[in-house]
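Student: Under full-length UniProt numbering, the sequence shown has 230 at position 230, and the numbering climbs by one with no breaks. All C-beta atoms, glycine included, are put in the ideal place defined by N, C-alpha and C. This one's a predicted model, so the numbers in the text were calculated from it and none came from an experiment. What follows is a structure written as structure tokens; I'll ask about it next.
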Amino acid sequence: MPQTIHVPVLEVNDLSVAFTRYDRGLRQSTVEVIRNLHLTVGRGELLAVVGSSGSGKSLLAHAILGILPDNAAVSGTLRYEGEPLTPARQEALRGKEIALVPQSVNFLDPLMRVGDQVRSSVREGDADAEVRRIFDRYRLAPGTERRFPFQLSGGMARRVLVSTATVGGPRLVIADEPTPGLDPAAVRETLSRFRELADEGCAVLLITHDIESVLPFADNVAVFYAGTTVETAPAGDFSGDGARLRHPYSRALWQALPQNGFSPIPGVQPHPSALPPGCLFAPRCAAAGTDCSRERPEMRELRGGTVRCIHAT
Ligand SMILES: Nc1ncnc2c1ncn2[C@@H]1O[C@H](COP(=O)(O)OP(=O)(O)OP(=O)(O)O)[C@@H](O)[C@H]1O
Ligand code: NI
């Protein structure tokens with residue numbers, strides 16, 4: 001028997017995303033908003049991506065799908081099922097094998113009945129039957145098909161977005177903040193659906209602010225800070241006082257939760273156009289020494305996860 005080689009569904013290696021701005025007349029400046037970003041998601045894995053607003057989570061999703069605006073320059077490598085994810089492949093797979101649950105319900109076409117929107121994402125089989133099957137799965141009543149987006153509640157619109165993304169049987173689902181504005185029961189319900197997709201063999205990348213809600217459903221967590229990953233950890237490492245976490249920022253995020261004492265982190269995340277030298281978190285880090293400001297720490301493996309901090313043990 002040939003040995004099974006474990007290839008991740010998605011591999012992101014040294015990704016960077018920069019935007020070119022034309023300030024005034026011919027003056028042009030480039031701002032790098034994502035850099036040195038690494039992550040992998042495997043079959044059956046739910047990877048939660050957490051980090052504060054503006055840390056680059058949505059841009060990562062858009063880079064994977066190939067839907068960044070024209071003034072964005074991307075470098076690094078993306079691999080899907082072991083093969084480079086070229087723009088042509090992104091276009092061919094987008095909305096099919098690779099599906100996005102977008103951050104905003106405004107992605108629904110306001111002038112199109114929701115049944116038609118979901119139907120257009122069906123890949124094989126009887127389209128009407130597939131739409132009924134997926135609506136049933138996400139507890140959307142049959143009459144929902146004929147409604148327009150403005151006739152849906154926020155929670156229903158979210159479930160329509162999930163239906164659209166999953167009706168075609170994707171192998172990689174990227175959900176960008178799929179639960180804002182939902183009550184706690186609806187949040188758990190939505191997250192358990194993503195867990196189900198992972199259990200069926202899908203690779204799921206779930207972007208969220210709500211680290212606490214996602215933990216029971218996630219296998220691993222990638223922590224973003226100022227446009228890069230500072231740590232990847234098994235979800236179980238987010239527990240107790242956070243001692244098992246590797247990066248001071250992950251620990252700070254964890255300790256900022258109300259049930260963990262609500263200790264806020266002093267300072268703010270640096271703007272992409274004014275990054276500090278060395279470690280990006282150093283100016284806010286209680287454990288930082290002068291050595292932290294010398295160079296950008298490399299991502300390294302540590303205790304079953306990865307970390308970008310020279311002092312982590
Ligand atoms: N089209 C653009 N041109 C220039 N800068 C941009 C553009 N889109 C996003 N950015 C910048 O890139 C950074 C990352 O944005 P992104 O939307 O990925 O953050 P996010 O982590 O998804 O935040 P949130 O949690 O608020 O959704 C921000 O500083 C943002 O201002
Ligand atoms: Ni976002």
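Counting only the same chain and skipping the five closest in sequence on each side, list residues whose C-beta sits under 6 Å from that of residue 108.
Tutor: Counting from 1 along the sequence shown, the entry for residue 108 is found at position 108. 149.
Student: For residue 226, count neighbouring C-beta atoms within 10 Å of its own C-beta (all shown protein chains included) and say buried if the count is 16 or more, exposed if not.
Tutor: In the sequence shown, the residue the question calls residue 226 occupies position 226. Buried, since its Cβ has 16 or more Cβ neighbours within 10 Å.
Student: When we look at the beta-carbon of residue 172 and count the other beta-carbons within 10 Å, is it buried (16 or more) or exposed?
Tutor: As a first step, residue 172 is located in the sequence shown; it is residue number 172 there, counting from the start. Buried.
Student: Apart from the five residues just before and just after residue 291, which ones in its own chain have a Cβ nearer than 7 Å to its Cβ?
Tutor: Reading the sequence shown from its first residue, position 291 is the one you call residue 291. Cβ within range, chain order: 310.
Student: Can you grab the Cα-Cα spacing for the pair residue 85 / residue 78, in whole Å?
Tutor: Here the question's residue 85 lines up with position 85 in the sequence shown. Here the question's residue 78 lines up with position 78 in the sequence shown. Those two C-alpha atoms are separated by around 5 Å.
Student: Give the C-beta separation of residue 287 and residue 9 to the nearest angstrom, bearing in mind that I take them to be a contact with Cβ-Cβ under 8 Å.
Tutor: In the sequence shown, the residue the question calls residue 287 occupies position 287. In the sequence shown, the residue the question calls residue 9 occupies position 9. That pair is no contact at about 35 Å.
Student: Check whether the Cβ atoms of residue 44 and residue 198 lie closer than 7 Å to each other.
Tutor: Here residue 44 refers to the residue found at position 44 of the sequence shown. Here residue 198 refers to the residue found at position 198 of the sequence shown. Cβ distance < 7 Å, so residue 44 and residue 198 count as in contact.
Student: Look up residue 223 in the DSSP assignment and give the residues it is bridged to.
Tutor: Taking the sequence shown and counting its residues from 1, the one referred to as residue 223 is at position 223. For residue 223, which the question treats as bridged, DSSP gives the partners 50, 231.
Student: Strictly by DSSP, which residues pair up with residue 265?
Tutor: For the purposes of this step, residue 265 is taken as the residue at position 265 of the sequence shown. Beta-bridge pairing links residue 265 to no other residue.
Student: What residue range does the beta strand (DSSP E) around residue 29 cover?
Tutor: Here residue 29 refers to the residue found at position 29 when the sequence shown is read from its first residue. From DSSP, the beta strand (DSSP E) with residue 29 extends over 28-41.
Student: Do residue 282 and residue 39 come within 7 Å of each other at the CB atom, strictly closer than that value?
Tutor: By 1-based counting over the sequence shown, the position of residue 39 is 39. By 1-based counting over the sequence shown, the position of residue 282 is 282. No, Cβ-Cβ distance for residue 39 and residue 282 is not below 7 Å.
Student: Short check: CB of residue 118 to CB of residue 167, under 7 Å?
Tutor: Against the sequence shown, residue 118 aligns to sequence position 118. Against the sequence shown, residue 167 aligns to sequence position 167. Yes, the pair counts as a contact, with Cβ atoms nearer than the cut-off.
Student: Just to confirm, are residue 153 and residue 76 a CB contact at a threshold of 7 Å?
Tutor: By one-based count along the sequence shown, residue 153 stands at place 153. By one-based count along the sequence shown, residue 76 stands at place 76. Result no, Cβ atoms of residue 153 and residue 76 do not sit closer than 7 Å.
Student: Going by alpha carbons, who is nearest to residue 259 out of 217, 239, 196?
Tutor: For the purposes of this step, residue 259 is taken as the residue at position 259 of the sequence shown. Minimum Cα distance to residue 259 is reached at 239.
Student: Check each candidate in 209, 248, 308, 277 and name the one with the smallest Cα separation from residue 53.
Tutor: Residue 53 sits at position 53 when you count from the first residue of the sequence shown. Comparing Cα positions, the closest option is 209.
Student: Less than 8 Å between the CB atoms is what I'm expecting for residue 176 and residue 61, so what's the real figure, rounded?
Tutor: Taking the sequence shown and counting its residues from 1, one reaches residue 176 at position 176. Taking the sequence shown and counting its residues from 1, one reaches residue 61 at position 61. Rounded, the Cβ-Cβ distance is 5 Å, consistent with contact.
Student: To the nearest angstrom, how far is it from the Cα of residue 218 to the Cα of residue 91?
Tutor: To locate residue 218, count along the sequence shown from 1; it is residue 218. To locate residue 91, count along the sequence shown from 1; it is residue 91. Roughly 28 Å separates the two Cα atoms.
Student: Would residue 205 pass as a contact of residue 47 if the rule is Cβ separation under 7 Å?
Tutor: Translated into positions along the sequence shown, residue 205 becomes position 205. Translated into positions along the sequence shown, residue 47 becomes position 47. Closer than 7 Å, so yes.
Student: Would a C-beta distance cut-off of 7 Å place residue 65 and residue 94 closer than the cut-off?
Tutor: Position 65 of the sequence shown holds residue 65. Position 94 of the sequence shown holds residue 94. In this structure, residue 94 lies closer than 7 Å to residue 65 by Cβ.
Student: In angstroms with no decimal places, state the Cα-to-Cα distance between residue 71 and residue 30.
Tutor: Indexing the sequence shown from 1 puts residue 71 at position 71. Indexing the sequence shown from 1 puts residue 30 at position 30. Rounded to the nearest angstrom, the two C-alpha atoms are 10 Å apart.
Student: Cβ of residue 96 versus every heavy atom of ligand 2: is any distance shorter than 6 Å?
Tutor: What you label residue 96 is simply residue 96 of the sequence shown in a count that begins at 1. No; taking the cut-off as 6 Å, the Cβ of residue 96 has no heavy atom of ligand 2 nearer than that.
Student: Taking the continuous beta strand (DSSP E) assigned at residue 70, which residues delimit it?
Tutor: Translated into the one-based positions of the sequence shown, residue 70 becomes position 70. Residue 70 -> no beta strand (DSSP E), and no H or E assigned at all.
Student: Among all residues, which have a Cβ less than 7 Å from at least one non-hydrogen atom of ligand 2, and in what chain order do they fall?
Tutor: Qualifying residues, in the order they occur: 57, 58, 103, 176, 177, 207.
Student: To the nearest angstrom, how far is it from the Cα of residue 293 to the Cα of residue 69?
Tutor: Residue 293 sits at position 293 when you count from the first residue of the sequence shown. Residue 69 sits at position 69 when you count from the first residue of the sequence shown. Answer to the nearest angstrom: the Cα atoms are 33 Å apart.
Student: So does residue 277 have its beta carbon nearer than 6 Å to some heavy atom of ligand 1?
Tutor: To locate residue 277, count along the sequence shown from 1; it is residue 277. Checking the Cβ of residue 277 against ligand 1 gives no.
Student: With DSSP collapsed to three states, give me the class of residue 11.
Tutor: Locating residue 11 in the sequence shown gives position 11, where the first residue counts as 1. Strand.
Student: Alpha carbon to alpha carbon, how far is residue 263 from residue 275? Give it in angstroms, no decimals.
Tutor: Taking the first residue of the sequence shown as 1, we reach residue 275 at position 275. Taking the first residue of the sequence shown as 1, we reach residue 263 at position 263. Looking at the two C-alpha atoms, the distance is approximately 24 Å.
Student: Which residue from 265, 213, 143 puts its Cα closest to that of residue 113?
Tutor: For the purposes of this step, residue 113 is identified with residue 113 of the sequence shown, where counting begins at 1. Closest by alpha carbon: 143.
Student: Nearest-angstrom Cα distance between residue 299 and residue 233?
Tutor: Mapped onto the sequence shown, residue 299 falls at position 299. Mapped onto the sequence shown, residue 233 falls at position 233. Those two C-alpha atoms are separated by around 13 Å.
Student: Three-state secondary structure (DSSP) at residue 310?
Tutor: Locating residue 310 in the sequence shown gives position 310, counting from the first residue. Residue 310: coil per DSSP, three-state reduction.
Student: State the beta-bridge partners of residue 253 as determined by DSSP.
Tutor: Position 253 of the sequence shown, counted from the start, is the residue given in the question as residue 253. Looking at the DSSP assignment, residue 253 forms no beta bridge with any residue, so it has no partner.
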